[in-house]
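Scroll down for the structure; my scribbles are underneath it.
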Amino acid sequence: MTGIEEKKSDNDLKIGFNSTFGRSMLKYIVNIASSDSDFNTLLNEWIKKSLEDPETCKETIVEVGVASLKHFLQANWTGPKEYTFNNEDFNEVILSQEVSSCAILALEKDGDDLYQLLFHPILLQIAKTILLDLRLFFSDQVLIWSVKCLSTILEVVQEVNDQHLKILNELYAAVDCDGSSFYLQAKEVQAEFFLDVSHCFLRLYDFDKCKECHLKVQKILQIDLALTASLGKRTKFQENNLPQMRLDINLNESREIITSHGEATKELPTDITLNDDTLLPHIKFIDQSSLNCVNISPIDQAFILSTCIYLHKSRPRDKLTVEEVMPYIECVLQAPKVWSIQYKCLYLRCLFEFASTRKMERSISQLEELHYTYTKNVPEVSERQILMHSIGLQPIWKCEQSQAELLLSCGFTDSALEIFLRLHLWDDVIVCYQRLGKHGKAEKIIRNQLAIRETAVLWCLLGDATMDIQYYEKAWTVSNYRSARAQRSIGLSYLRKQMFAEAIPYLQKSLDLNCLQPSVAFSLGCSCMATNQLDLATKALQQCCSLDPDNSQAWNNLASSFIRLNHIQKAFRALKEATRLSYDNWKIWENFLLVSTDIGSFEDSINCVNRLVELKRKTIDSEVLRILVDVVKEKIEDKNGLKADRLKDRLQKMFAYVTSQITSDPYIWENYARLTLIDADLEKHEKALDLLYKSHRCFTQHTEWEKNEKELGAVIRVTRMMIKATKDVTMATELKGRAVTLCTTSKMCVINLVLRLKKAFTDIDNQIFPSVKPFIVELEEHVNELQELLLQF
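Here you go:
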């Protein structure tokens, strides 16, 4: 059984249910559904006994499992929902409410909470039992269907967990086991398998394994993708062609011909054209013809789209990331071939373009059109399901949920609420009612659902609606003490009250039950930091960063924990990642500046200063600037063992840029002067003197130092440097007129400072403070020295 097959008719797919095994299984399901026995165990044992029967063909059992999965996907993913099947036993099973309830309970037996409006959940239970639970009884050719079954389960559960990851790792490792015939299959089958697996890993937060799968697919298909730029126009009134980002696709000429699915599928989802008075529907490139020269197959398109999804998930959520991934989508949309790929491309484009006011209307209309596509009778279901797992196609209700979320963000709360209520998405319903100020309405709806069926999730939702912790505790009891959500909710309720110590054990327990919760790991890390449990905080934040690597705040908090534990090198690496993810956060850049200076990464320190100035910061840490000048002056080695004096030119440019933006900070001018004084060049010394004048002027223009005697030392230090530089420059200056000007300027600066000191630092008896008097005496002596220099000239 392979992943890519020739299209089969619906009757061919249902041969398994018409077999002796299929009909017997359907009758057995009806019988056990009406009993009080364990539905999951009985079905499992019955199929095992059938496997022992020599008259039962294993291929027939697999056919039943695959057919069950495909019918389930038709009902919940691809549509059309309405179909007929000339098998009364089959119709009785899938339409029986009693059977559906048993199937839901069986699927939730392992602690998974399922979406409650699934169509025909018994089909998923049959597929899971055959393709996952009993997969070891069949050859490894069923492996790709096991992955597809797991991928389906990951989309219908409320939360993924580490048990799902364990199963996926086993399936992924099975292809390399001794005796495996996986690599004997066609190249396109291998590529489809790794694409299916990559989306599962992405759903389970294992980004490294996802990337590993993509590299394997790239090698199998011998395809290279690269973002490049070409001249083109975006708007109707644009006169000049500007560089626009596009995707280059390079196929190895020697690669094997990839089997196609025949002609392009007809009746693909409609691509609604952008109707805007300014923007063009698509970027108009000068070399438009070269963009369509590469003839790529559907599996190539699936790889391109999967790469796009991976990049969007693994990179910072900002406008630049959207600009980088849009060329992938546009490339695939140029040559529509497969229903599922076309659908996914349009769906992603809606989500990416919604932030643009000019494209917002098209996004909402496109989502409505996609939902309408499900109800059409064409194309056939077999065409719709081609490569659907390889691009991570979402269920029907998730498309509608996205549409409602976009409406909610636009302020159409009532319209969004209507969709959420119809889909039984109670979390979103509570949010809508809270926005509308109808808190009691949300509580009433949840209580009505509890009257129908009591679940841990509903009790948690009731706690969310009422903010009452007792309902979370009830959920914990109802779940038989296995609900990670219940423990999480209790912990977060304490966290909202800033009761950090009380929240920690509940958050820890939630992570023990399900380690794939990045938000819980982040909350636990913050709580532990607040209670000074730094080792536990570090562990939790590391877990958060591994699951959600684009969470810049988690990286920043992790760095703070490392600093407090005196692990500066680790803090440096964490902050470097945080700055990459949150490029516009000045607080993170300031932390990175301090840490990079501390460990001797002076190039990074210079980059940090430049970035802080770009972010319009008006102050730069003066101690860091002093250290940077000192290490260049004393030729200290950096963390790589290189002498820091090699950075002198870069530091000069940095100070020039900083002082062009920040003109009122005396410490910046002072350190700029200290750097300039390193050279024994008269011209540089004269420039340094000018910088010291500016530093001195900044001090005297402010009165902070006059109110605090501790600040006086910096003013005196700059004044001393100014006087020394004046003497050095004027004694070596050949032009008498310039020397007189410099001496006079310095003398007036010192006289003015003496007058300010005498006025600011006197007691009630008009006596100068004893601690300040030596400074005044020193400065008056300098005035006399400068006067003598003037007399000499």
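Take the sequence shown: its position 469, counted from the start at 1, is 469 in the UniProt record's numbering, and no numbers get skipped. From the three backbone atoms N, C-alpha and C, an ideal C-beta is built for every residue, glycine too.
Per DSSP, what kind of secondary structure is residue i in: helix, strand or coil?
| i | result |
| --- | --- |
| His282 | strand |
| Met748 | helix |
| Ser402 | helix |
| Ile126 | helix |
| Ser483 | coil |
| Glu256 | coil |
| Pro121 | helix |
| Gln244 | strand |
| Val381 | helix |
| Glu637 | strand |
| Ile768 | strand |
| Pro229 | Correcting the residue identity first, residue 229 is Ala in this sequence and not Pro. Three-state result, Ala229: strand. |
| Lys539 | helix |
| Leu251 | strand |
| Asp277 | coil |
| Leu268 | coil |
| Val157 | strand |
| Arg234 | strand |
| Lys497 | coil |
| Ile716 | helix |
| Asp649 | helix |
Are residue i and residue j touching if we call contact CB-CB under 9 Å?
| i | j | result |
| --- | --- | --- |
| Cys345 | Ile364 | no |
| Ile223 | Asp300 | yes |
| Thr466 | Glu443 | yes |
| Leu73 | Leu195 | no |
| Ile620 | Ile668 | yes |
| Ser479 | Gly463 | no |
| Trp397 | Leu124 | no |
| Cys743 | Leu790 | yes |
| Tyr310 | His214 | yes |
| Phe21 | Phe90 | no |
| Thr403 | Asp271 | For the record, residue 403 in the displayed sequence is Gln; it is not Thr. Their beta carbons are not under 9 Å apart, which means Gln403 does not touch Asp271 by this criterion. |
| Lys219 | Asp276 | no |
| Ile122 | Ile29 | yes |
| Phe182 | Phe193 | yes |
| Cys608 | Tyr693 | no |
| Phe138 | Lys48 | no |
| Ala475 | Val457 | yes |
What does the Cβ neighbour count give for residue i, buried or exposed, with the cut at 16 atoms within 10 Å?
| i | result |
| --- | --- |
| Phe420 | buried |
| Asp53 | exposed |
| Ala451 | exposed |
| Gln569 | exposed |
| Tyr341 | According to the sequence provided, residue 341 is Ile. The question's Tyr does not apply to it. Buried, because 16 or more other Cβ atoms sit within 10 Å of the Cβ of Ile341. |
| Glu704 | exposed |
| Ser510 | buried |
| Met731 | exposed |
| Ile663 | The residue you asked about is not Ile; residue 663 is Thr in the sequence shown. Exposed: under 16 other Cβ atoms inside 10 Å. |
| Glu63 | buried |
| Asn566 | exposed |
| Glu788 | exposed |
| Pro774 | exposed |
| Pro298 | buried |
| Leu95 | exposed |
| Asn556 | buried |
| Asn250 | exposed |
| Asp178 | exposed |
What residues in its chain sit with their C-beta under 7 Å from that of residue i, if we drop five residues either side in the sequence?
| i | result |
| --- | --- |
| Cys149 | Leu69, Ala127, Lys128, Leu131, Leu132 |
| Glu785 | none |
| Val142 | Met1, Val62, Leu131, Arg135 |
| Asn252 | Gln222 |
Looking only at its own chain, which residues have a Cβ that is under 6 Å from the Cβ of residue i, when we skip the five neighbours before and after it?
| i | result |
| --- | --- |
| Val325 | Cys308, Leu311, His312 |
So is the beta-carbon of residue i under 8 Å away from any non-hydrogen atom of the ligand NAP?
| i | result |
| --- | --- |
| Trp46 | By its list of ligands, the structure shown contains no ligand whatsoever, and the ligand NAP lies outside what it can speak to. |
For residue i, which residues of its own chain have a beta-carbon under 8 Å away from its beta-carbon, when the five flanking residues on both sides are left out?
| i | result |
| --- | --- |
| Lys236 | Asp277, Thr278, Leu279, Leu280 |
Within 8 Å, do at least three Cβ pairs link the region 579-599 to the region 536-554? Per the Cβ contact rule, the region 536-554 is in contact with the region 579-599 (3 or more Cβ pairs under 8 Å).
Validate contact between the region 665-683 and the region 622-641 using beta carbons, cut 8 Å, 3 pairs: Yes, since at least three Cβ pairs between the region 665-683 and the region 622-641 fall closer than 8 Å, the two stretches touch.
Do the region 156-168 and the region 510-524 meet, that is, are 3 or more Cβ pairs less than 8 Å apart? Counting Cβ pairs under 8 Å, three or more are found: they touch.
Three or more C-beta pairs below 8 Å linking the region 453-463 and the region 425-441: Touching, per the Cβ criterion.
Between the region 308-325 and the region 405-416, are three or more C-beta pairs nearer than 8 Å? The region 308-325 vs the region 405-416: no contact.
I want to know whether the region 268-287 touches the region 367-374 - three or more CB-CB distances under 8 Å. Flag = yes, the region 268-287 and the region 367-374 touch.
Do the region 771-787 and the region 710-729 meet, that is, are 3 or more Cβ pairs less than 8 Å apart? Contact between the region 771-787 and the region 710-729 is present, because at least three Cβ pairs lie under 8 Å.
Inter-stretch contact at 8 Å, needing at least 3 Cβ pairs: the region 226-244 / the region 177-191: The answer is no - the region 177-191 does not touch the region 226-244, with fewer than three Cβ pairs under 8 Å.
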